[in-house]
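For reference, the structure is listed below as structure tokens.
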Amino acid sequence: MTGLDGAVALRKTRLPGVDENAGPPGTLSLNDIDVVWNVSSTKDVTLHLELDVEDDIDTNLGEFIRFTRRGDYKRAEQYYQDNLACHSEQPEVVLEYVRMLVEKGAYKTIRTLGIDEVGLADVCRSPTAPKAVQAVQLLLLLHKARSLSEPDMQATSTALLAARELVASLRIDQEEAEEPQPLTPTVAHRMINLPPVDAILSLSLRTTYTNLLSDSRCWEIRDTVITSIKLFGLRETLSEIFPAISTVEAFSRLTVDWGTMERDELSDLALLDILNYINGYGDEPRHQGVPPSPDVDIAHQKAADLARTVAASIKASNPQLMKSRSYLEWLLLEERKERHKTQDANVKGLTPAAFGSFPGKILSLRDAFVYVPANSENPGWPVSSPTGSGDKEPESQLVSVARMTAQELGNYNLEAYFLHELTCRSLEPEKYLTELEQFHISVRGNQLSLLKTRLMRYLTVANSNEETRRLLKSQLLELDPRLQGIWGSFSHPMWEWAYRKVLFALM
Numbered sequence: 005m006t007g008l009d010g011a012v013a014l015r016k017t018r019l020p021g022v023d024e025n026a027g028p029p030g031t032l033s034l035n036d037i038d039v040v041w042n043v044s045s046t047k048d049v050t051l052h053l054e055l056d057v058e059d060d061i062d063t064n065l066g067e068f069i070r071f072t073r074r075g076d077y078k079r080a081e082q083y084y085q086d087n088l089a090c091h092s093e094q095p096e097v098v099l100e101y102v103r104m105l106v107e108k109g110a111y112k113t114i115r116t117l118g119i120d121e122v123g124l125a126d127v128c129r130s131p132t133a134p135k136a137v138q139a140v141q142l143l144l145l146l147h148k149a150r151s152l153s154e155p156d157m158q159a160t161s162t163a164l165l166a167a168r169e170l171v172a173s174l175r176i177d178q179e180e181a182e183e184p185q186p187l188t189p190t191v192a193h194r195m196i197n198l199p200p201v202d203a204i205l206s207l208s209l210r211t212t213y214t215n216l217l218s219d220s221r222c223w224e225i226r227d228t229v230i231t232s233i234k235l236f237g238l239r240e241t242l243s244e245i246f247p248a249i250s251t252v253e254a255f256s257r258l259t260v261d262w263g264t265m266e267r268d269e270l271s272d273l274a275l276l277d278i279l280n281y282i283n284g285y286g287d288e289p290r291h292q293g294v295p296p297s298p299d300v301d302i303a304h305q306k307a308a309d310l311a312r313t314v315a316a317s318i319k320a321s322n323p324q325l326m327k328s329r330s331y332l333e334w335l336l337l338e339e340r341k342e343r344h345k346t347q348d349a350n351v352k353g354l355t356p357a358a359f360g361s362f363p364g365k366i367l368s369l370r371d372a373f374v375y376v377p378a379n380s381e382n383p384g385w386p387v388s389s390p391t392g393s394g395d396k397e398p399e400s401q402l403v404s405v406a407r408m409t410a411q412e413l414g415n416y417n418l419e420a421y422f423l424h425e426l427t428c429r430s431l432e433p434e435k436y437l438t439e440l441e442q443f444h445i446s447v448r449g450n451q452l453s454l455l456k457t458r459l460m461r462y463l464t465v466a467n468s469n470e471e472t473r474r475l476l477k478s479q480l481l482e483l484d485p486r487l488q489g490i491w492g493s494f495s496h497p498m499w500e501w502a503y504r505k506v507l508f509a510l511m
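Numbering (this note's numbering), first residue to last: 5 to 511.
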């Protein structure tokens, strides 16, 4: 330790050739040696220090996950490279890194990691092997990434079967244990967001929810609620967690419960995630002519109202969190709903209502709007200028700002969704469609989204010359699902059907 006048007190230690105890005359002892060094000393002193140095992986991993939860993937990536890349051999580290890349939409990066899927599959077949759970989670995440970019349902089903077998074995082990621990929906959700149903069938959602609430574990509640909705449906989930009350009352109870927890600045984002999911629960394409149930419509509206309240609170109290995945997803939902509002003949963008008189089917998703012709009809691009605005396009300024924010956060998925939203509002979509294609190829590495974008072009060639139609046909043939050199093993019935219908109409 440093003392006055720069003196450094040295710890008493055994010195070579020096007897610690007083010895016979002529021998040295520590009593004869000055063990205090100061700046006037004329001899060098060498100290040998032994220090225990450890990297706090858990703390670093927790901070990395916090960046991921917020959706700031650019900072998450930088934090990983600075603090965790040197521990990439640790299963929990590579697992969370791949999870972040999947949420981000960085499929090209995932393919460059060179993860041994065969080795993971071998570990998954041995439930007693160390790290078997992490191996299954990682394998499922890799298949999830593939299903979103290069879909192969057969391979994904095989991975899900491995997860089901592992979960079943874990449950048997827990039943044999003296103090069995419940397998929570959070564990299943963290596997892939598509967990084996029997992984949580035997659980009481109410009990799980209550326990998590008492521990103020808001993100685990978020995972549990969303997972249950995916598995059992919205009405069943709410009635299980909040029995004997109506859907509307359940939402009110949820927000009241949220206020009882110990919270940090990200807690409202977890609640907004739940509301966003419920708000968009019926927003995926459904068969035409099949109306949603009244309960679901009520739930959507209540979730939308509460989401606006939470978003307004975030904007007022934590405006920095407007740059977050949850807030941007809420904004995307709001803008999509606004686009689908049609007044008189004023079409604000691509919307199923514009194709009501045509026999084809509509596939409307966050990253694609595809008209699938019944025969060879082509309704054309229906976007029109707002009444009295001349050639002005439907209002898109907020969408453009949101897209730039997603780009700033390094969120490839949301950047693609907002770019798609701009396409759906454009009078001349060619520039956006071209930009989308390049983004899917060079940045995301998502061939399925590239195929969707090219199918979307079908509406733009309704009044084009034969050469333009042949060009689109050629571009689609490049992505034929039967080409194993392009896809490997493509398996996605809906998009295979849409592809063949559009290609036939271009013949």
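All C-beta atoms in this analysis are idealised placements derived from N, C-alpha and C, irrespective of residue type, glycine included.
Exposure of residue i, with buried meaning 16 or more beta-carbon neighbours within 10 Å
{"i": "A181", "result": "Here the model assigns A181 a pLDDT of 40, short of 50, so the residue's position is not dependable, and the following value carries that caveat. Flag for A181 reads exposed."}
{"i": "I225", "result": "buried"}
{"i": "N501", "result": "Per the sequence shown, the amino acid found at residue 501 is Trp instead of Asn. With fewer than 16 other Cβ atoms within 10 Å, it is exposed."}
{"i": "H291", "result": "Residue confidence is low: H291 scores 37 on pLDDT, short of 50, so the model does not pin down where it sits. No coordinate-derived value is stated."}
{"i": "R474", "result": "exposed"}
{"i": "R486", "result": "exposed"}
{"i": "G489", "result": "exposed"}
{"i": "T211", "result": "exposed"}
{"i": "S451", "result": "Sequence inspection shows Gln at residue 451; the Ser mentioned does not correspond to that position. Q451 should be labelled buried."}
{"i": "E419", "result": "buried"}
{"i": "K505", "result": "buried"}
{"i": "D272", "result": "buried"}
{"i": "R458", "result": "buried"}
{"i": "C128", "result": "buried"}
{"i": "E81", "result": "buried"}
{"i": "Y503", "result": "buried"}
{"i": "M498", "result": "exposed"}
{"i": "C90", "result": "exposed"}
{"i": "S208", "result": "exposed"}
{"i": "I114", "result": "buried"}
{"i": "A378", "result": "exposed"}
{"i": "A358", "result": "buried"}
{"i": "K345", "result": "exposed"}
{"i": "A248", "result": "exposed"}
Closest by C-alpha distance to residue i, when choosing among the options
{"i": "A307", "options": "T457, R461 and E253", "result": "E253"}
{"i": "M460", "options": "E419, S446 and K365", "result": "K365"}
{"i": "P356", "options": "K112, S271 and V376", "result": "V376"}
{"i": "I230", "options": "A420, I278 and H444", "result": "I278"}
{"i": "N283", "options": "I61, W223, W334 and T228", "result": "W334"}
{"i": "P433", "options": "E269, L117, G384 and P363", "result": "G384"}
{"i": "P155", "options": "A509, S368, K505 and L483", "result": "L483"}
{"i": "H304", "options": "K327, E338 and L165", "result": "E338"}
{"i": "L65", "options": "V97, D309 and S92", "result": "V97"}
{"i": "E381", "options": "T241, R115 and N467", "result": "N467"}
{"i": "L117", "options": "L99, R129, C128 and D126", "result": "L99"}
{"i": "S317", "options": "L336, R115 and T259", "result": "T259"}
{"i": "S453", "options": "A110, A163 and F68", "result": "A110"}
{"i": "Y84", "options": "N215, E93, D219 and F68", "result": "F68"}
{"i": "E472", "options": "E342, Q442, L510 and L455", "result": "With the sequence shown as reference, residue 472 is identified as Thr, and Glu is not the correct amino acid for it. Out of E342, Q442, L510 and L455, L510 has the C-alpha closest to the C-alpha of T472."}
{"i": "D86", "options": "I61, A139 and G492", "result": "I61"}
{"i": "W223", "options": "K234, V447, M265 and E244", "result": "M265"}
{"i": "E412", "options": "R79, T72, S446 and E439", "result": "R79"}
{"i": "L369", "options": "G263, L336, S361 and V140", "result": "L336"}
Beta-carbon proximity check, residue i vs residue j, cutoff 8 Å
{"i": "Y77", "j": "G414", "result": "yes"}
{"i": "T427", "j": "Y436", "result": "yes"}
{"i": "H512", "j": "A372", "result": "This structure cannot speak to residue 512, because the chain is shown only from 5 to 511."}
{"i": "T409", "j": "K477", "result": "no"}
{"i": "N280", "j": "A320", "result": "no"}
{"i": "A136", "j": "V106", "result": "no"}
{"i": "V314", "j": "L275", "result": "yes"}
{"i": "T228", "j": "L242", "result": "no"}
{"i": "L480", "j": "L463", "result": "no"}
{"i": "R329", "j": "R74", "result": "yes"}
{"i": "S404", "j": "M157", "result": "no"}
{"i": "L145", "j": "E121", "result": "no"}
heavy atom of the ligand COA below 7 Å from residue i C-beta
{"i": "D272", "result": "What this structure holds is no ligand at all, so the ligand COA is not there to describe."}
CB-CB length for residue i against residue j, believed under 8 Å
{"i": "S153", "j": "T160", "result": "Rounded, the Cβ-Cβ distance is 12 Å, inconsistent with contact."}
{"i": "L354", "j": "A406", "result": "With a Cβ gap of about 18 Å, L354 and A406 do not count as contacting."}
{"i": "R257", "j": "F246", "result": "5 Å"}
{"i": "L142", "j": "A166", "result": "Their Cβ separation, rounded to whole angstroms, is 11 Å, which puts L142 and A166 out of contact at 8 Å."}
{"i": "R429", "j": "V387", "result": "7 Å"}
{"i": "K112", "j": "G449", "result": "3 Å"}
Fill in: Length at least 4, wholly inside the stretch 228-272: the alpha helix (DSSP H) runs in chain order
If only uninterrupted alpha helix (DSSP H) runs of at least 4 residues are considered, those enclosed by the stretch 228-272 are 238-245 and 251-264.
Fill in: Every unbroken alpha helix (DSSP H) within the stretch 112-156, with a cutoff of 4 residues, ordered by chain
121-128 and 136-153
Fill in: Residue ranges of each alpha helix (DSSP H) within the stretch 401-449, 4 or longer
The stretch 401-449 contains these whole alpha helix (DSSP H) runs: 401-413, 416-428 and 434-443.
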